[in-house]
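Undergrad:
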Amino acid sequence: MSLLLSGNEAIVEGALASGCRFFGSYPITPSSDIAELMSLRLPILGGKFIQMEDEIASLGVCLGASLTGLKSMTATSGPGISLMQEHIGFAAMGEIPCVIINVQRGGPSTGLPTYPSQGDVMQARWGTHGDHPIIVLAPSSVRECYFLTIRAFNYAEKYRTPVILLSDEILAHLREKVELDENVEIINRDFPKASPQEYLPFDSSYDVPPLAPYGSGYRFHITGLMHDETGFPTADSEQVQRLQARLARKIREEDVRDVDARFMNDARICIFSYGSTSRSGLRVVNELRRRGEKVGLLRPTTLWPFPYEEVKRLSRKVDVIYVCEMNLGQIVGEVERAAECNVGFIGKADGTIITPEEILCKIYQ
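Here it is, written out as structure tokens:
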């Protein structure tokens with residue numbers, strides 16, 4: 001089925017197709033369309049929508065719903081994401097599946113509510129304190145808003161982890177034709193095979209232990225403290241190390257890596273971009289290819305875990321990588337860590353998109 005959708009509408013369609021049946025949020029520009037649509041669509045499907053008093057409570061109710069077995073999602077923007085950080089850490093520690101949509105806008109603080117940005121990239125990875133696992137996806141089209149939302153739910157359920165989808169104001173309100181795939185793979189969390197008496201919610205013999213829903217006869221403890229296999233707090237260094245090691249290894253970069261590499265076989269110049277900025281990057285690559293220039297595009301749709309090995313491998317083939325992002329320099333630092341070639345930066349944080357002309361000027365200066 002083909003539909004003309006905005007990015008926010010495509011996220012809603014992807015969430016519902018994934019089996020999302022709980023949505024809790026607090027309205028904030030430019031993500032409010034998502035809440036409005038979920039409030040209309042979820043009750044029809046037997047799901048639950050609730051508007052909370054703030055973003056802290058919004059993610060809190062999503063985590064509670066997830067623990068009862070419901071696939072849950074919230075949507076917000078930069079200021080709301082800042083408020084959610086403690087609960088993001090709790091979800092990582094408690095291994096509670098959830099999907100968090102961040103429709104980025106200019107910051108810091110209230111910033112530019114109706115203008116785009118990619119200023120939340122490092123916050124998405126390191127916003128909450130401590131070492132913690134998380135997956136961050138970045139769509140660059142309305143179509144990807146749909147399919148990456150489905151992937152976000154699949155990853156959340158498969159790895160028992162919070163997953164963040166980084167959209168932005170441009171994608172939120174851009175309209176494109178999307179072919180909805182009714183046969184897309186949907187992953188559901190594993191139900192424990194052990195009896196309620198033998199069940200260990202954080203069993204270290206698994207990288208990702210099965211999760212029993214509350215209300216199904218299984219009783220277990222969830223805490224933000226370091227805990228043992230039963231879920232109860234511990235400060236024993238051996239058990240803490242075992243938990244930390246399992247959390248660190250359960251999401252492997254090679255398992256969730258997704259990098260769109262175009263014209264990289266013979267490229268001498270690489271444009272590295274993600275999200276809506278990559279649309280300008282691809283335009284430049286196509287234009288320079290028509291002129292006979294050997295230019296390629298590297299576009300990760302999984303931003304975190306960052307594809308260090310892929311960047312390192314491809315950097316050996318090129319003379320320079322130009323990193324394009326709507327901020328003052330965030331993901332460029334990760335590219336510099338991985339690359340074995342020169343790295344240039346094209347960025348700004350004034351609420352306007354990086355245009356193809358700006359990229360061309362940088363390349364030819």
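Anchor point for the sequence shown: position 350 equals 350 in UniProt numbering, and the numbering is continuous, going up by one each time. Note that the Cβ used here is the ideal one computed from N, Cα and C, for glycine as well.
For Ser216 and Lys158, what's the separation of their Cα atoms in angstroms?
TA: Answer to the nearest angstrom: the Cα atoms are 20 Å apart.
Undergrad: Looking only at C-alpha atoms, which of Arg290, Cys98 and Ala124 sits nearest to Ala152?
TA: Of Arg290, Cys98 and Ala124, the residue nearest in Cα terms is Cys98.
Undergrad: How big is the Cα-Cα spacing for Leu148 and Leu165?
TA: Those two C-alpha atoms are separated by around 8 Å.
Undergrad: Would you kindly check if the distance between the Cβ of Leu360 and the Cβ of Val284 is under 8 Å?
TA: Contact: yes.
Undergrad: On the three-state DSSP scale, how would you describe Met1?
TA: Correct three-state label for Met1: coil.
Undergrad: Measuring CB atoms only, is the segment 204-221 touching the segment 265-280, in the sense that at least three cross pairs come out at less than 8 Å?
TA: At 8 Å Cβ cutoff, the stretches do not touch.
Undergrad: Where Gly347 and Gly46 are concerned, what is the direct C-alpha to C-alpha distance, given to the nearest angstrom?
TA: If you take the alpha carbons of Gly347 and Gly46, they lie about 44 Å apart.
Undergrad: If you draw a straight line from the C-alpha of Thr355 to the C-alpha of Pro113, how long is it?
TA: Straight-line Cα distance between these residues: approximately 21 Å.
Undergrad: Exposed or buried, what is Ile69 when buried is set at 16 or more other beta-carbons lying within 10 Å of its beta-carbon?
TA: Contrary to the premise, residue 69 reads as Gly rather than Ile in this sequence. Counting Cβ neighbours within 10 Å, Gly69 comes out buried, since at least 16 surround it.
Undergrad: What ranges does the beta strand (DSSP E) occupy inside the segment 107-150, keeping only unbroken runs of at least 3 residues that lie completely in it?
TA: For the segment 107-150, whole beta strand (DSSP E) runs of length 3 or above, ordered along the chain, are 135-137.
Undergrad: Using 8 Å as the threshold, is the segment 119-131 in touch with the segment 33-53, meaning 3 or more CB pairs across them?
TA: Taking 8 Å as the limit for Cβ pairs, the verdict is that the segment 33-53 does not touch the segment 119-131.
Undergrad: Between Val136 and Ile96, what straight-line distance do the alpha-carbon atoms span, to the nearest angstrom?
TA: Cα to Cα, the separation comes out at about 16 Å.
Undergrad: What are the complete alpha helix (DSSP H) segments, minimum 4 residues, inside the segment 249-333?
TA: Complete alpha helix (DSSP H) runs here, min 4: 253-256, 277-290 and 308-315.
Undergrad: Nearest-angstrom Cα distance between Thr183 and Ser18?
TA: The question names Thr, yet the displayed sequence has Asn at residue 183. Taking the straight line from one Cα to the other gives about 11 Å.
Undergrad: Phe220 lies in the alpha helix (DSSP H); which residues open and close that run?
TA: Per DSSP, Phe220 belongs to no alpha helix (DSSP H) and is neither H nor E.
Undergrad: At a cut of 8 Å, does the segment 79-92 reach the segment 56-64 through at least three beta carbon pairs?
TA: Enough Cβ pairs lie closer than 8 Å, so yes.
Undergrad: To the nearest angstrom, how far is it from the Cα of Ile81 to the Cα of Glu287?
TA: Taking the straight line from one Cα to the other gives about 37 Å.
Undergrad: Among residues of its own chain, excluding the 5 on either side of Asp207, which ones have a beta-carbon nearer than 8 Å to its beta-carbon?
TA: Closer than 8 Å at the Cβ level, and outside the excluded window around Asp207, lie Arg246, Arg249 and Lys250.
Undergrad: Quick check: the Cα distance between Val332 and Thr302, rounded to an integer number of angstroms?
TA: Between Val332 and Thr302, the C-alpha separation is close to 15 Å.
Undergrad: Within 8 Å, do at least three Cβ pairs link the segment 71-86 to the segment 100-111?
TA: Taking 8 Å as the limit for Cβ pairs, the verdict is that the segment 71-86 does touch the segment 100-111.
Undergrad: Determine the extent of the alpha helix (DSSP H) in which Gln85 is found, giving its start and end residues.
TA: Gln85 -> alpha helix (DSSP H) spans Gly78 to Gly94.
Undergrad: Using a 10 Å radius around the Cβ and a threshold of 16 neighbouring Cβ atoms, would you call Pro196 buried or exposed?
TA: It counts as exposed.
Undergrad: Using a Cβ-Cβ cutoff of less than 6 Å, which residues in the same chain neighbour Phe232 once the five nearest sequence positions on both sides are dropped?
TA: Only His221 meet the Cβ criterion.
Undergrad: Please say whether Ala349 and Ile321 have beta carbons closer to each other than 8 Å?
TA: Not a contact, by the Cβ cut-off of 8 Å.
Undergrad: To which residues of the same chain is Asp120 closer than 7 Å at the C-beta, ignoring the five residues directly before and after it?
TA: Correct list, in chain order: Gly78, Ile81, Asn102, Gln104 and Leu166.
Undergrad: Just the Cα atoms here: how many angstroms apart are Asp168 and Ala138?
TA: Rounded to whole angstroms, Asp168 to Ala138 spans 9 Å at the Cα level.
Undergrad: Compute the distance between the beta-carbons of Ser2 and Glu179, then report whether it is under 8 Å.
TA: Taking 8 Å as the Cβ cut-off, Ser2 and Glu179 qualify as a contacting pair.
Undergrad: Could you tell me the distance, in whole angstroms, from the CA atom of Leu328 to the CA atom of Arg143?
TA: C-alpha separation (whole angstroms): 28 Å.
Undergrad: Tell me which same chain residues have a C-beta within less than 6 Å of the C-beta of Asp190, skipping the five on either side of it?
TA: For Asp190, where only same-chain residues beyond five positions count, the Cβ hits under 6 Å are Pro210.
Undergrad: For Asp33, count neighbouring Cβ atoms within 10 angstroms of its own Cβ and tell me buried if that reaches 16, exposed if not.
TA: Asp33 is buried by the Cβ-count criterion.
Undergrad: Please work out which residues of its chain come closer than 7 Å, Cβ to Cβ, to Ile363, disregarding the five sequence neighbours upstream and downstream, and give them in chain order.
TA: Result list for Ile363: Ile269 and Tyr322, in chain order.
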